[in-house]
Amino acid sequence: MTKASVSVIVPCYRSKASISRAVESVFTQTLRPIEVILVDDCSPDDTLEQLYAEQQKYPAGWIKVIELPQNGGPGSARNAGWAQANGKYVAFLDSDDCWHARKVELQYNWLEQHPEVTLLGQKFASGMQREPAVEDVSCTQVTKRQLLFSNQFTTSSVMLQHGVKSRFKQGKRYCEDYQLWSDILFKGGVCCNMDFPLVKTFKPVYGDSGLSGQLWSMELGELGVHGALLREKRIGILPFLLAVSWSMLKFARRVVNSYVRRR
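If you're matching positions, the sequence shown starts at 1 in full-length UniProt numbering and goes up one per residue.
Structure (structure tokens):
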């Protein structure tokens with residue numbers, strides 16, 4: 001079977017119940033990646049044992065399991081997997097998401113035809129009950145202005161060049177993905193979005209638990225991204241102030257929406 005030179009990195013923390021679904025969605029791709037790297041972020045439950053059980057289900061060598069000695073958050077776990085990746089491209093998948101069956105095929109072939117592109121993803125994950133048929137798939141380039149005011153990429157949708165210099169910020173637990181995309185784009189990378197539902201998510205948009213429930217921490221993480229761009233002189237003071245103001249307005253809306261959902 002022909003395989004794509006893609007390494008799939010899955011950070012795992014308390015992922016025992018969902019990891020099988022995620023891995024199966026990778027194995028059943030129409031164009032299978034060369035490897036999956038499961039990174040246990042020092043889970044306190046039986047996640048690690050489940051990762052080794054997953055490893056035994058599939059062809060020898062296809063799944064690598066990495067054990068981290070202490071919990072560092074999803075960005076640090078992805079970096080650990082990235083350091084051991086062998087593919088020309090790296091793709092990220094959260095342990096509680098899964099992929100459209102043709103995700104790797106569509107992204108890999110498109111990136112091979114557009115070597116100038118650093119990163120390819122999708123803005124929104126989907127709660128689709130059925131996988132849509134693939135018809136005409138288009139891609140659009142993401143601008144600095146767009147990314148400054150809103151994270152344009154769902155982490156589980158991203159496939160990027162392995163050799164890109166930027167990495168997730170070690171120890172950053174909120175908006176670590178947004179930090180990386182911004183670092184890549186504002187340092188000259190070319191980032192594009194594919195207009196097709198590549199990812200199915202099982203997380204609530206703004207839930208009551210997990211990462212999506214920590215609204216204020218996520219807001220501080222987003223503001224930290226803007227602050228880093230200002231300190232590095234990637235943006236001026238006016239764009240910074242506009243981005244911060246817009247971010248706070250979005251935060252207020254999320255708080256209201258979260259309150260309404262809980263009633």
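C-beta atoms are modelled at their ideal positions from N, C-alpha and C, and glycine is treated no differently.
Note that the structure is predicted; figures quoted are calculated from it, not measured.
Beta-carbon proximity of His-226 to Ala-252, cut-off 8 Å: Inclusion of His-226 and Ala-252 in the CB contact set at 8 Å is not warranted, their separation being larger than that value.
Given a threshold of 16 other Cβ atoms within 10 Å of its Cβ, counted over all protein chains shown, does Asp-45 qualify as buried or as exposed? With fewer than 16 other Cβ atoms inside 10 Å of its own Cβ, Asp-45 counts as exposed.
Give me, in chain order, the residues of the same chain whose beta-carbon lies closer than 6 Å to that of Ser-209; leave out the 5 immediate sequence neighbours on both sides. Caution is warranted here: a pLDDT of 42 is assigned to Ser-209, below 50, making its placement in the model unreliable, and no coordinate value can be reported.
Cutting at 7 Å between CB atoms, please list the residues of its own chain near Val-117, excluding the five before and the five after it. Leu-111, Val-190, Cys-192.
In terms of alpha-carbon separation, which member of Lys-203, Ser-245, Phe-202, Glu-232 lies closest to Leu-223? Of the candidates Lys-203, Ser-245, Phe-202, Glu-232, Ser-245 places its Cα closest to the Cα of Leu-223.
Assigned secondary structure, Asn-71 (DSSP; H/G/I helix, E/B strand, else coil): Asn-71: coil per DSSP, three-state reduction.
Would you check if the region 136-149 and the region 169-177 touch, i.e. whether three or more CB-CB distances between them fall below 8 Å? With the cut-off at 8 Å, the region 169-177 and the region 136-149 do not touch.
Quick one, which of Phe-27, Arg-254, Lys-187 has its alpha-carbon nearest Gly-233's? Reading the sequence as shown, one finds Lys at residue 233 and not Gly. Taking Lys-233 as reference, the option from Phe-27, Arg-254, Lys-187 with the minimal CA-CA separation is Lys-187.
Could you tell me if Leu-51 is buried or exposed, where buried requires 16 or more neighbouring beta carbons within 10 angstroms of its beta carbon? Classification for Leu-51: buried.
Determine the direct distance from the alpha carbon of Ser-138 to that of Tyr-13, and round the result to whole angstroms. About 34 Å.
Count the other CB atoms within 10 Å of the CB of Glu-176; is the residue buried (16 or more) or exposed (fewer)? In summary, Glu-176 is buried, with 16 or more beta-carbon neighbours lying within 10 Å of its beta-carbon over all protein chains present.
Counting pairs of beta carbons, one from the region 146-166 and one from the region 51-71, are three or more of them closer than 8 Å? Touching, no.
Host alpha helix (DSSP H) of Arg-14 (start-end): First-last for Arg-14: undefined, no H or E at that position.
Taking Pro-33 as part of the beta strand (DSSP E), name the residues at either end of that continuous run. Pro-33 -> beta strand (DSSP E) spans 32-40.
Starting from Cys-191, follow its DSSP beta bridges and name the residues at the other end. Cys-191 pairs with Leu-119.
To the nearest angstrom, report how far apart Pro-74 and Gln-113 are at their CA atoms. Approximately 30 Å between the Cα atoms of the pair.
Using the Cα positions of Gly-207 and Asn-109, report the straight-line distance between them to the nearest angstrom. The pLDDT assigned to Gly-207 is 42, lower than 50, so where the model puts this residue is not dependable, and the model offers no usable value.
Backbone secondary structure at Trp-99 - three-state DSSP: Note: Trp-99 maps to strand in three-state DSSP.
Does the beta-carbon of Trp-216 have 16 or more other beta-carbons within 10 angstroms, so that it is buried, or is it exposed? With fewer than 16 Cβ atoms within 10 Å of its Cβ, Trp-216 is classed as exposed.
DSSP three-state assignment for Gln-161, whether helix, strand or coil: Strand, per DSSP.
Assign Ser-156 to one of three DSSP states: helix, strand, or coil. In the three-state DSSP reduction, Ser-156 falls in the helix class (H, G or I).
Do you know offhand how far Gly-121's Cα is from Met-194's? Distance between Gly-121 and Met-194, taken at the CA atoms: about 6 Å.
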